[in-house]
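Reminder that position 100 of the sequence shown reads as 97 in our numbering, one-by-one numbering, no gaps. Beneath this line is the structure, given in C-alpha cells, with notes to follow.
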Amino acid sequence: MISLGANNSSKNNNSKKKPKNKLKHLLNRMVLMSLVLIPFAGMGFITMTVLGPSLKNPEAKFYGSSKGYPAKQRAAGESIVVETVTVGETDLVQSLSAPGESVALESIEVRSEINGIVEAVFVEEGDWVKTGQPLVQLDQSSLLDEVRIAENNVANDQQNLYSVIESAENDIAKLAADVEKAERRVANAKARLATGLALVEDRQSSAQQSAEAQLNNAAERLERIQGLVEQGALSQFELLKAEDEFAQRQHESFEIQQGNLGDNERAFSDKDFLISRRLQLQRAQLSLERALTLEPGKIEKAQLRLETRQAQLRETQRNLERTVVKASNSGLISVLSVDQGELVGSSSREPMMLLNQDILFEAFIDQAQLNQVEEGDVATVRLTAYPGEVFTGRVVRVNPTIETEHAKQNKVGVDRQYTYSVWVEMDEDLQMPPGLQGYVQFGKVDTALSIPEHTLIHLSGGEGMVMVIENGKAIPRSVKVGALLDNQRKVIDGLALGEKVILNPYALQPGDLVSE
C-alpha cells in the first residue's frame, strides 16, 4: 500500500511539471525570435533614418554611389537639383609666422688707409656708432709738416705762374709794338720810293725832250749850213761853228743820259731801303708769331706745375684727414682689435675692428609657403630678448632659394632645413645685435576672386576643375587657384566675377541635366 501511494504521488507531480516546461519553452522561442528580428528592425530603422537621407546629401559618402540621388536621377533621365554659389570678391587675409634671427647683411672690416701709429681709440667693443663718427686717430705730426711744405710749394708755383703770365704779356705787347713800328717804316719807305720815282720820271722826261729838240735843231742847222758852204754862200768858218754847236748839243744829250743813270741809282737806293724795311717787318712779325706760339706753352707748363703742386697738397690734406678713421656707416662694433701705440696700415693682416651694418631680422619660412611673402609686406617681430614687446617692420628682401640640410649641415640655432629666407627691416630705431632669435608674423589683405573649397575638384600644381551650368547641363571648367583661407579658395584664372559654380560637384558627370 505504501508503494502504491508513493507511485500515485509521483504521477501527480509529473503532471504538474509539464505545463511549466511548455511555458518555458515558449518563452525561450520568443526570446530567440526577438534576438533575430531586433537587428533587422534596427537595420531598417537605420536605413530609414540615416542611409536614406545620406543618399540625397551631397556631402555624404553614399551620395555619389550607384544608389545615390544623382545616379537615380540620371537613370530616370531627370534633372539633378544642385546648389550653386556666385563667384565673388573676397578679402583674403593671409597670415603666417616663422622663426628667425637677427643678422647683419654686411660686416665691414675697418682698416686705416695710411700707415701710422695709433694715438687714440674712441670706441669699445659693443658700441653702436653712427655714420661719420670718429673711431681711431693716428699720429698727425709728420703729415702736418708735409701739408705745410705742400702749401709753400703751391704758393711759390702760384707766384711763378703769375710771373710767367706777366712776362708773356709784356713780351707780346713789345713785339706787337715793334711790328706796328716796322709797318709804319715800310709805309714811309714805300711813299719815299714812289715820290722819288715820280720826280725822276718827270725830270728825265722834260730834260730828255729839251735835249732831243736842241740836238735835232743843231743837226738841221748843220745840214743846212753844209749845203750853203758847198754852194759857196757861206764861209768854212760858219760850217765849223755849226759843227761845234752840234757837238755841244750831243754832249749835253749825253750828260742828260748820264744824269738819268744817277737818278736811277737813287731810285734803286730807295728800293733797297724799302726792302730793308720789309725785312725788318718780317723779322718783327716772326718774333711776334714765335712769342704767340711759345708763351702759351710756357704758361701751360707753369699751370701744370701749379696743378701738380695743388694735387700734392690735396693728397697730403686727405692723408691728414685719413689719420682720423671714421665710421662709413651706422652699425655695431662687434670686434675691436687695435690699441693705442700700435702701428697700423692698409696692408695690415688684421682689421682694426669689424662694423656690422644693416642688421635685419631674417625669417626662415617653410617651403610650403613659397611665394606667400613679397617685398613691401608688413610684418610683426617678437624677439626672445625683449619678452612681451612687439616690433613692426617691412619685408625688404626675399630669397626664394630653398635651403637644404646638406647646405646648412653645420648651422647652429634656428633649423633652416627646407626653408627660404625673408629679411625684415624694423620700423623702430632698434639697436638689434646679430644673433637675436625670435618669431615674425606676416599678414596682408588680398582682394581677389574666390570660391568655396567644396566647389573645386583639385588636379595638380594649382590646377583644378569646377562645374558650371550651361543650357541646363553640368559643364566642367578648368581653373587656376591659389591660397586657401577660411575655406575660400583664391581664383587666379578661369572664372569671372558673378559666374555661378556648383557646390559639391564630385558625383556629377559632364553633361548631366541639372537645375537649381
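Cβ coordinates follow ideal geometry from the N, Cα and C atoms, glycine included.
Helix or strand or just coil, what does DSSP make of residue i?
i      : result
Asn353 : strand
Leu510 : strand
Arg218 : helix
Asp363 : strand
Val409 : Note that Val409 has pLDDT 48, beneath the 50 cutoff, so the model's placement of it is unreliable and the number below is only indicative. Note: Val409 maps to coil in three-state DSSP.
Val161 : helix
Leu505 : coil
Ala493 : coil
Thr320 : coil
Gly224 : helix
Ser343 : coil
Ala230 : coil
Thr106 : For clarity, residue 106 is Glu in the given sequence; the question names Thr instead. Strand.
Val126 : strand
Tyr60  : helix
Gln211 : helix
Gly479 : strand
Ser76  : coil
Val314 : Note that residue 314 is Gln in the sequence shown here, rather than Val. It is helical.
Ser7   : With a pLDDT of 45 at Ser7, under the threshold of 50, the modelled position of that residue is not reliable, and no figure is offered here.
Ser273 : helix
Thr305 : helix
Gln245 : helix
Gln369 : coil
Leu293 : At residue 293 the sequence reads Pro, which differs from the Leu that was named. Helix at Pro293.
Gln279 : helix
Gln300 : helix
Gln337 : coil
Asn167 : helix
Asn185 : helix
Thr192 : helix
Glu148 : helix
Ser514 : This structure does not reach residue 514, given that the chain is present from -2 up to 513, and the question cannot be answered.
Opposite residue i in the DSSP bridges: which residues?
i      : result
Asn396 : Ser418
Arg474 : Val463
Ser99  : Phe358
Ala117 : Gln134
Met429 : The partner list for Met429 (beta bridge, DSSP) is empty, contrary to what the question assumes.
Thr87  : Ala445
Leu93  : Phe439
Arg391 : Val375 and Glu422
Ile434 : The question names Ile, but residue 434 is Gln in the sequence shown. Gln434 pairs with Glu98.
In the DSSP assignment, find the beta strand (DSSP E) that holds residue i and state where it starts and stops.
i      : result
Arg486 : Gln485 to Asp490
Arg379 : Val375 to Leu380
Leu453 : Here Leu453 belongs to no beta strand (DSSP E), and DSSP marks it neither H nor E.
Lys497 : Lys497 to Ile499
Ile111 : From DSSP, Ile111 is part of no beta strand (DSSP E); its letter is neither H nor E.
Leu329 : Gly328 to Leu333
Val82  : Thr81 to Thr83
Since residue i is in the alpha helix (DSSP H), which residue starts that stretch and which ends it?
i     : result
Ala68 : Tyr66 to Ala73
Less than 8 Å separating the beta-carbons of residue i and residue j?
i      : j      : result
Ala243 : Leu219 : Sequence check: residue 243 is Phe here, not Ala. A contact, by the Cβ cut-off of 8 Å.
Asp241 : Leu190 : no
Gly479 : Lys323 : no
Leu352 : Val107 : yes
Gly461 : Leu453 : yes
Pro131 : Val395 : no
Lys187 : Leu271 : yes
Glu359 : Val100 : yes
Gly65  : Ala504 : yes
Val176 : Ala281 : yes
Arg474 : Glu450 : no
Thr83  : Gly491 : no
Gly342 : Asn157 : no
Tyr436 : Gln364 : no
Leu285 : Ala173 : yes
Val476 : Val488 : yes
Leu510 : Gly469 : yes
Flag residue i as yes if its beta-carbon sits less than 8 Å from any beta-carbon of chain D, otherwise no.
i      : result
Thr398 : Protein chains in the displayed structure number just one, and chain D is not present.
Quick one: is the Cβ of residue i within less than 7 Å of any heavy atom of the ligand PLP?
i     : result
Ser92 : Absence of the ligand PLP from the depicted structure is noted, as is the absence of any ligand whatsoever, leaving it without description.
*Does the pairing of the region 376 to 396 with the region 420 to 431 give three or more beta-carbon distances under 8 Å?*
yes
*Between the region 340 to 358 and the region 93 to 108, are three or more C-beta pairs nearer than 8 Å?*
yes
_Between the region 284 to 294 and the region 159 to 170, can you find at least three pairs of beta-carbon atoms closer than 8 Å?_
yes
*Taking 8 Å as the threshold, find out whether the region 492 to 509 comes into contact with the region 73 to 82 through three or more Cβ pairs.*
yes
_Cβ pair count under 8 Å reaching 3, the region 175 to 183 against the region 300 to 317_ = no
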